[in-house]
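For the record, the sequence lines run as chains Z and F.
Using the working numbering, you'd call the opening residue of the first sequence number 1 and step up by one each time.
Using the working numbering, you'd call the opening residue of the second sequence number 1001 and step up by one each time.
Think of the CB as a built atom: it goes at the ideal place given N, C-alpha and C, for glycine as much as any other residue.
So the structure is just underneath, and the comments pick up after that.
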Amino acid sequence: MYLISDQQIDFILDDLEAGGIGTESLRYDLLDHICVIIEQNLEEGEDFEQFYRSAVRTFYREQLREIEQETALLLTLKNRLVLSRNRFFFLLFTLIGGPFIAYTVTGMISPSPTAGWNIPFHVWAPSFVYSIFPILILLVLYLTPDRLDPVIPWKSKVVIGFRPFIQVVSFP
Amino acid sequence: MYSTELLKGTLKTIILKLLADNKKMYGYEITQKVKELTMDRIQITEGALYPTLHALEADGFVTTETEFIGKRIRKYYSLSPTGKTKAREKVKELASFIETMISLLDIKQKLA
């Protein structure tokens, strides 16, 4: 059985931290896991760092920090509503534009002389702005994800709950 | 090997049941036990295991105790009293779900 030195343990801990595993208990969980894999599979004379890199690579899809983010997400999500970025904007725009659209529809079907397609300007103009304009913004956000990322990054989730009411959990 | 999507909803149940049967386990031990019991057909990834264990701990379903092995720390996970109840509930729920799926997909008839 391969014996891991203290320097190698420090190396693994530093590498995990540099890779985005900021939570200490999670880092120590992963450290122990990696150490067992190395102890049971690494042969004497084999390259430690190369073996470590290939072992830890099987832990994630794209980046090591996914484990930290998944943990943070699961701990944050209790009794909260999690929305993708597009769904969040859809909900937001529905809340903003919905009343105006409902007002327009009511104006169209009401028995007043202005009913039908003859909708007064003060009714259709705000409806247009508050429904079409947000849809255009959503389209721009969808087509240019990199340029409009600072507020709600592309792969982030919007968590709605209580204290804080809205939280953006990012996936860089 | 089953798809990640298929396993995602059952991971908590798998972990809770293993801890119910084995008193206390550490992360690596859990992954190996699952591999052994399923003859390698289910492999829990580290990226799914530890976030779930931490979430179960935060929910109060599992408790932990640590052991120092030289410079590193091994964390053993075991069920809390509420975790034991939860494990029974989850296994019962999954068993019922599997029965429903068998009936829904008409699997019994095809197997016969």
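Closest Cβ-Cβ distance between residue i and chain F: below 8 Å?
{"i": "Z/Val36", "result": "yes"}
{"i": "Z/Ile2", "result": "With the sequence shown as reference, residue 2 of chain Z is identified as Tyr, and Ile is not the correct amino acid for it. So no, Z/Tyr2 is outside the interface."}
{"i": "Z/Tyr60", "result": "yes"}
{"i": "Z/Thr104", "result": "no"}
{"i": "Z/Tyr28", "result": "yes"}
{"i": "Z/Leu75", "result": "yes"}
{"i": "Z/Asp15", "result": "no"}
{"i": "Z/Leu31", "result": "yes"}
{"i": "Z/Asp6", "result": "yes"}
{"i": "Z/Thr94", "result": "no"}
{"i": "Z/Glu70", "result": "yes"}
{"i": "Z/Glu39", "result": "no"}
{"i": "Z/Glu66", "result": "yes"}
{"i": "Z/Ile9", "result": "yes"}
Kindly say whether residue i, judged by its beta-carbon, lies nearer than 8 Å to any beta-carbon of chain Z.
{"i": "F/Gly1027", "result": "yes"}
{"i": "F/Lys1035", "result": "no"}
{"i": "F/Glu1046", "result": "yes"}
{"i": "F/Ile1107", "result": "no"}
{"i": "F/Ala1020", "result": "no"}
{"i": "F/Ala1055", "result": "yes"}
{"i": "F/Tyr1050", "result": "yes"}
{"i": "F/Ile1015", "result": "no"}
{"i": "F/Arg1074", "result": "yes"}
{"i": "F/Ala1058", "result": "yes"}
When you compare the CB positions of residue i and residue j, do they come within less than 8 Å of one another, or not?
{"i": "F/Thr1045", "j": "Z/Phe59", "result": "yes"}
{"i": "F/Ser1121", "j": "F/Lys1023", "result": "This structure gives no information on residue 1121 of chain F, because the portion of chain F shown stretches from 1001 to 1112."}
{"i": "Z/Ile21", "j": "Z/Glu70", "result": "no"}
{"i": "Z/Tyr130", "j": "F/Ile1073", "result": "no"}
{"i": "F/Lys1071", "j": "F/Thr1064", "result": "no"}
{"i": "Z/Val158", "j": "Z/Phe90", "result": "no"}
{"i": "Z/Ser127", "j": "Z/Tyr103", "result": "yes"}
{"i": "Z/Ile4", "j": "Z/Ile38", "result": "yes"}
{"i": "F/Thr1052", "j": "F/Lys1012", "result": "yes"}
{"i": "Z/Leu72", "j": "Z/Val168", "result": "Note that residue 72 of chain Z corresponds to Ala in the displayed sequence, not to Leu. Against a cut-off of 8 Å, the Cβ pair of Z/Val168 and Z/Ala72 comes out as no contact."}
Counting along the chain, where does the beta strand (DSSP E) carrying residue i start and finish?
{"i": "F/Gln1043", "result": "No beta strand (DSSP E) contains F/Gln1043, which DSSP labels as neither H nor E."}
{"i": "F/Arg1074", "result": "1072 to 1079"}
{"i": "Z/Gln167", "result": "166 to 169"}
{"i": "Z/Ile38", "result": "No beta strand (DSSP E) holds Z/Ile38; the alpha helix (DSSP H) holding it covers 24 to 41."}
{"i": "F/Glu1067", "result": "1062 to 1069"}
Please report the residue range of the alpha helix (DSSP H) in which residue i lies.
{"i": "Z/Phe51", "result": "48 to 57"}
{"i": "F/Lys1012", "result": "1011 to 1022"}
{"i": "Z/Gln7", "result": "6 to 18"}
Using only alpha-carbon positions, find the residue among the options that is nearest to residue i.
{"i": "Z/Leu75", "options": "F/Tyr1050, F/Lys1033, F/Gly1009", "result": "F/Tyr1050"}
{"i": "F/Glu1067", "options": "Z/Ser25, Z/Tyr2, Z/Ser112", "result": "Z/Ser25"}
{"i": "F/Glu1057", "options": "F/Gln1032, F/Ile1042, F/Lys1084, F/Glu1036", "result": "F/Lys1084"}
{"i": "Z/Ile135", "options": "Z/Phe121, Z/Gly98, Z/Val168", "result": "Z/Gly98"}
{"i": "Z/Trp124", "options": "Z/Ile137, Z/Thr106, Z/Ser112, Z/Val140", "result": "Z/Thr106"}
{"i": "Z/Val56", "options": "Z/Ala72, Z/Leu73, Z/Lys78, Z/Cys35", "result": "Z/Cys35"}
{"i": "F/Lys1035", "options": "F/Leu1019, F/Met1001, F/Thr1052", "result": "F/Met1001"}
{"i": "Z/Gln63", "options": "Z/Glu44, Z/Phe121, Z/Leu31, Z/Glu17", "result": "Z/Glu17"}
Minimum length 3: unbroken beta strand (DSSP E) runs contained in the stretch 72 to 100 of chain Z: Counting only runs of 3 or more, we get 81 to 84.
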